[in-house]
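Q: Quick note, the sequence shown lines up with residues -18 to -1, 1 to 527 if you use mature numbering (1 follows the signal peptide of the UniProt record, and there is no 0). Just so you know, even glycine gets a beta-carbon here, dropped at the ideal spot from N, CA and C. Have a look at the structure that comes next, please.
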Amino acid sequence: MLLLLLVSLSVIVGPSFQLPSSAQWNSLNTTVQGRLLRGIPFARPCYELVSDVEGQADAQECSSIIQGYSSTALRANNFGAYMNTQWETCQVNSSQCLLNSASPSDTGAFMPPRVCHQGSVPDYGIDVRSAEDAITGFNFSRAHGVRLVIKNTGHDFMGRSSAPGALALWVNMDMHNLQSITSEGEFVPAGCTAAKQTQKVPAVTYGAGVSFQALIDFAEANNFTIPTAGDASVAGGGGYVQGGGHSVLSNSLGLAVDRAPPHQLQFEVVTPTGKHVNASECHYSDLFFALRGGGGGTFGAVLSVTTLALPKMSINAVQVDIKSNRDDQRRLIHFMAAHALQFAQAGWGGFTLPLTVVIFANPVLNATRANETIEPLRKFTQELGGNFTFVVEPSYKSFFDNFGANVPVGTQLAVSSRLIPVGNFKTPQAIETLANAIDETLDQVSLPILFASTPFLYGIKGRTSVTPKWRSSLWHVAFTEGWSFNTSVSDAATMYKRLSTAANTLRNITAGSGAYLNEADIYEPDFEDSFWGDNYNELVAIKNK
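Below you can see the structure in the form of structure tokens.
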């Protein structure tokens, strides 16, 4: 079943009761001081015909939505919007309220006879500004059997933050509480005594709704480094860190969940039972473990995250641009596979789009040594007649400003992925087999991405709940596929299956490996082992508590 894996672990669902009455919803609204929101689909103002949807047609508002349909900022700040629009849709029957992402002004997408449906946009949401708001939401869900989801910016590729008929805890809106950022020179987590404290380190605490852009700016102003994903609009305290969180610096600096020496990080969280706690290795340690890779929206509503503040550092950066033709794409894939272990051991990480571009970064070497270790890529680029750029950025912010890349939004986009173990890079035969397998997928899906973003060089420091296969892999390979707003249910299902087939090409040569929970196939086989490995049974036990 399409979302069985999500229902089994990652979605908090209340018991099956009669739906709340209007009076009960009104009472909830009063309790949260008027901040109960109706879930109105993002494109609703453009539609004249609706079916059980609140709101009104509004030409002026429609014009704004058309202009900003692909704006991450506009979508992140609209409760009824998601970055990938299939999660605004009920994919069983295509009931939806969308514009044509290829041409948002196309009136054929929203004028009669087109009808706006609620789809999978939650019916209601609480604009969460405090722990009390989240507790109220959980209590209401349990008391009335209303399905509950947790929504941040709406970037989730797996659709865990939307659900038909649900109540959402929206943790992204408030500009005062869940958007706050503070730093502390000597951080001591909850429950950790001086006797247990091995060292004191600088830390940054940020609210669940803080965007990566805001976090990067804060770190720059305070001479810190906090690695992030490549999209500045993502909120770091949501599914990103709770699912693991990889970046171009993960090879040498670890995943987002790794930046926590023992007793040096914590989560402020409200659990589904209504408890407001600070989880650390010293306090609610089982919950702390689960939040470091168990999945976003799974173990509670995270209100803030405290992470290790790394020193400000310069970043050696490389960009390669080649011609977009199939022969050069294949040559690039084979070259990157042949040199993956060498580059990783030297501290390089980043990503390769087989169509045209490579972005690599190295925070551990000086410029001279970095130039020497990346020389094979420079020579290869010259052989292809491409462009090779090497620069030393003075800080992570400078690197991000020049090399960060937002993912297109306002479209239907699905992914599948596979972690590629180091063993697939150790012999010429293994490398050839891997490169040929990726070659094969070029004819199946639109864009495979080769992420050299595993914590291979970083290794294992502390205990997390992501699959241990992250530690023994060199690449995280992701496939993507998109479709149009008016694609049929059966054709959309075909797209999902095509992604799964592409991933099978790599599964067949990486037996026993896994996949990244946040960028995964919704049909992921043996998902329990693939996403969490030996951690799965412990996570289920924690979930059941």
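#1: Does H321 come out as helix, strand or coil in the three-state DSSP assignment?
#2: Does the separation of the CB atoms of S286 and G189 fall below 8 Å?
#3: Could you confirm whether any beta carbon from chain D is found closer than 8 Å to the beta carbon of A145?
#4: Between the Cα of V74 and the Cα atoms of K451, V471, G496, which residue gives the shortest distance?
#5: Which residues share a DSSP beta bridge with H258?
#6: When DSSP labels each residue in this structure, what does H126 get in the three-state scheme?
#7: Under the assumption that I356 contacts F372 (Cβ atoms under 8 Å), give the Cβ distance between them as a whole number of angstroms.
#8: Please classify D34 as buried or exposed, where buried requires at least 16 other C-beta atoms within 10 Å of its C-beta.
#9: How many angstroms separate the CA atom of V183 from the CA atom of V346?
#10: Rounded to whole angstroms, what is the Cα-Cα separation between K294 and L424?
#11: Let's see if you can read the secondary structure: which residues bound the alpha helix (DSSP H) around S4?
#12: Just to confirm my understanding: we take T366, look at its own chain, exclude 5 residues before and 5 after, and list those with CB closer than 6 Å. What are they?
#13: Taking the alpha-carbon positions, what's the Q49 to P86 distance?
#14: Cβ of V251 within 8 Å of Cβ of A261?
#15: To which residues of the same chain is T446 closer than 6 Å at the C-beta, ignoring the five residues directly before and after it?
#16: I'd like the ranges of any beta strand (DSSP E) spanning at least 3 consecutive residues and lying wholly in the region 371 to 443.
#17: Give me the residue from E168, T135, V391, H258 with the minimum Cα distance to W152.
#18: Can you name, in chain order, every residue of its own chain whose Cβ lies under 6 Å from the Cβ of E510, other than the five neighbours on each side?
#19: Just to confirm before moving on: does the CB-CB distance between A283 and V110 stay below 8 Å?
#20: Which of the three DSSP states is assigned to C79 in this structure?
#21: Identify the continuous beta strand (DSSP E) that holds A343 and give its terminal residues.
#22: With G221 as the anchor, note down where its alpha helix (DSSP H) starts and where it stops.
A: According to the structure data:
#1: Locating residue 321 in the sequence shown gives position 339, counting from the first residue. It is helical.
#2: Here residue 286 corresponds to residue number 304 of the sequence shown, with the count starting at 1. Here residue 189 corresponds to residue number 207 of the sequence shown, with the count starting at 1. A contact, by the Cβ cut-off of 8 Å.
#3: Among the chains of the structure shown, chain D does not appear; only one protein chain is present.
#4: As a working note, residue 74 is residue 92 in the sequence shown. Of the candidates K451, V471, G496, the one whose C-alpha sits nearest the C-alpha of V74 is V471.
#5: In the sequence shown, counting from the first residue as 1, residue 258 sits at position 276. Beta-bridge pairing links H258 to V252.
#6: Against the sequence shown, residue 126 aligns to sequence position 144. Here H126 sits in helix by DSSP.
#7: In the sequence shown, counting from the first residue as 1, residue 356 sits at position 374. In the sequence shown, counting from the first residue as 1, residue 372 sits at position 390. So it is a contact: roughly 7 Å between Cβ atoms.
#8: Within the sequence shown, the letter at position 52 stands for residue 34. Exposed, by the Cβ-count rule.
#9: Here residue 183 corresponds to residue number 201 of the sequence shown, with the count starting at 1. Here residue 346 corresponds to residue number 364 of the sequence shown, with the count starting at 1. So the two alpha carbons sit approximately 20 Å from each other.
#10: Taking the first residue of the sequence shown as position 1, residue 294 is located at position 312. Taking the first residue of the sequence shown as position 1, residue 424 is located at position 442. Whole-angstrom Cα-Cα distance: 39 Å.
#11: What you label residue 4 is simply residue 22 of the sequence shown in a count that begins at 1. Taken as a continuous stretch (DSSP letters only), the alpha helix (DSSP H) holding S4 covers 4 to 13.
#12: One-based indexing of the sequence shown puts residue 366 at position 384. Checking the displayed sequence, the identity of residue 366 turns out to be Leu instead of Thr. The residues are I304, D310.
#13: By 1-based counting over the sequence shown, the position of residue 49 is 67. By 1-based counting over the sequence shown, the position of residue 86 is 104. Rounded to the nearest angstrom, the two C-alpha atoms are 8 Å apart.
#14: By 1-based counting over the sequence shown, the position of residue 251 is 269. By 1-based counting over the sequence shown, the position of residue 261 is 279. Yes.
#15: As a first step, residue 446 must be located in the sequence shown, where it is residue number 464. Cβ within range, chain order: V239, R274, G275.
#16: 394 to 403, 431 to 434
#17: If you number the sequence shown from 1, residue 152 lands on position 170. W152 has its Cα closest to that of T135, out of E168, T135, V391, H258.
#18: Position 528 of the sequence shown, counted from the first residue, corresponds to residue 510. Around E510: Y518.
#19: Along the sequence shown, one-based indexing puts residue 283 at 301. Along the sequence shown, one-based indexing puts residue 110 at 128. Yes.
#20: Here residue 79 is taken as the residue at index 97 of the sequence shown, counted from 1. If DSSP states are grouped into helix, strand and coil, C79 belongs with coil.
#21: Position 361 of the sequence shown, counted from the start, is the residue given in the question as residue 343. First-last of the beta strand (DSSP E) with A343: 339 to 344.
#22: Along the sequence shown, read from residue 1 onward, the residue named residue 221 stands at position 239. Counting along the chain, the alpha helix (DSSP H) containing G221 begins and ends at 221 to 225.
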